[in-house]
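J.: Our numbering numbers the first residue of the sequence shown as 3 and each following residue consecutively.
We put the beta carbon where it would ideally sit given N, CA and C, even for glycine.
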Amino acid sequence: MTDILLLSLANASAAETNLMAEHGATPLAKKITTTRQGMLADLKAIGATKDLEKIIEAEKILVNRDLTDHTNSPKMASSLKEAQNGLETIEAHIGIVGNPAEYQTVNKSDSLKKMRDHRDLPKDGARQAFRSHDTRLENLDAGRVSDTEKNIIQQRQKNIRIAEKEYINRQYKALGIEPPKPRP
Numbered sequence: 003m004t005d006i007l008l009l010s011l012a013n014a015s016a017a018e019t020n021l022m023a024e025h026g027a028t029p030l031a032k033k034i035t036t037t038r039q040g041m042l043a044d045l046k047a048i049g050a051t052k053d054l055e056k057i058i059e060a061e062k063i064l065v066n067r068d069l070t071d072h073t074n075s076p077k078m079a080s081s082l083k084e085a086q087n088g089l090e091t092i093e094a095h096i097g098i099v100g101n102p103a104e105y106q107t108v109n110k111s112d113s114l115k116k117m118r119d120h121r122d123l124p125k126d127g128a129r130q131a132f133r134s135h136d137t138r139l140e141n142l143d144a145g146r147v148s149d150t151e152k153n154i155i156q157q158r159q160k161n162i163r164i165a166e167k168e169y170i171n172r173q174y175k176a177l178g179i180e181p182p183k184p185r186p
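Dropping the structure here:
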């Protein structure tokens, strides 16, 4: 990992895990909050880049950390493994959508009306994975977590939505379709 933002996020995520293991005293709780605030700042900066690949890589860091360090039930492990699979699907589709000739195959294979959105773009595996991951994050936000943790989850959702918009822009480009003009 050579990207400073991703490295910073990975380090902050690892630091959070170590701090949680030693949790107990109020000063330690303050350290955890400060570390999480650093993670939140990193996530905001990553989202601001609108870099599809960077956003997905950041999500992979956090999902992998959750799976290795925070999984406490088979249901949670299953959900996180599904999230990993979804992120891998998105990565695979990023490569495909970057090649217009190759993406035409996806476009043709997803030609049924139920596999199209209102703009007539394919709801391909990546688009389905974005929706699934957004829903998973939404469900995380419902749990008993600190305000900082809620803010981190909400920022992750924002980032996934930014990444999905960037992916949709790549779909337009791959299919040679003019995207709609942004609303003023």
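1) Have a look at the DSSP bridge pairing and note the partners of residue 118.
2) Under a Cβ-count criterion, where at least 16 other Cβ atoms within 10 Å of its own Cβ denotes burial, should residue 188 be classed as buried or exposed?
3) Classify residue 94: buried if its beta carbon has 16 or more other beta carbons within 10 angstroms, exposed otherwise.
4) If you draw a straight line from the alpha carbon of residue 139 to that of residue 159, how long is it in whole angstroms?
5) Is it buried or exposed for residue 165, if we count other Cβ within 10 angstroms and need 16 for buried?
6) Specify the secondary structure class of residue 71 as computed by DSSP and reduced to three states.
7) Give a yes or no on contact between the segment 147-158 and the segment 69-82, applying the rule of three or more CB pairs nearer than 8 Å.
8) Determine the DSSP secondary structure at residue 20, reduced to helix, strand or coil.
9) Specify the secondary structure class of residue 99 as computed by DSSP and reduced to three states.
10) With residue 167 as the anchor, note down where its alpha helix (DSSP H) starts and where it stops.
11) With distances taken between CB atoms, is the gap from residue 21 to residue 4 smaller than 8 Å?
12) Along the chain, where does the alpha helix (DSSP H) containing residue 44 start, and where does it finish?
13) Have a look at 122, 126, 115 and flag the residue whose alpha-carbon is nearest the alpha-carbon of residue 99.
14) With 16 as the cutoff for other CB atoms within 10 Å, does residue 61 come out buried or exposed?
15) For the pair the segment 39-53 and the segment 85-94, tell me if three or more CB-CB distances fall below 8 Å.
T.: Reading it off the structure:
1) DSSP lists 124 as partners of residue 118.
2) Given a span of 3 to 186 for the chain in the structure shown, any question on residue 188 remains unanswerable.
3) The residue is exposed, with fewer than 16 neighbouring Cβ atoms inside 10 Å.
4) Distance from the CA atom of residue 139 to the CA atom of residue 159, rounded to whole angstroms, is 6 Å.
5) Result: buried.
6) Residue 71: helix per DSSP, three-state reduction.
7) No: fewer than three Cβ pairs fall under 8 Å.
8) Here residue 20 sits in helix by DSSP.
9) DSSP, reduced to helix, strand and coil, places residue 99 within a helical segment of the structure shown.
10) Its alpha helix (DSSP H) spans residues 149-177.
11) Not closer than 8 Å, so no.
12) Its alpha helix (DSSP H) spans residues 28-51.
13) Considering only alpha carbons, the answer is 126.
14) The residue is buried, with at least 16 neighbouring Cβ atoms inside 10 Å.
15) Taking a cut-off of 8 Å for Cβ pairs, the segment 39-53 and the segment 85-94 do not touch, as fewer than three such pairs fall below it.
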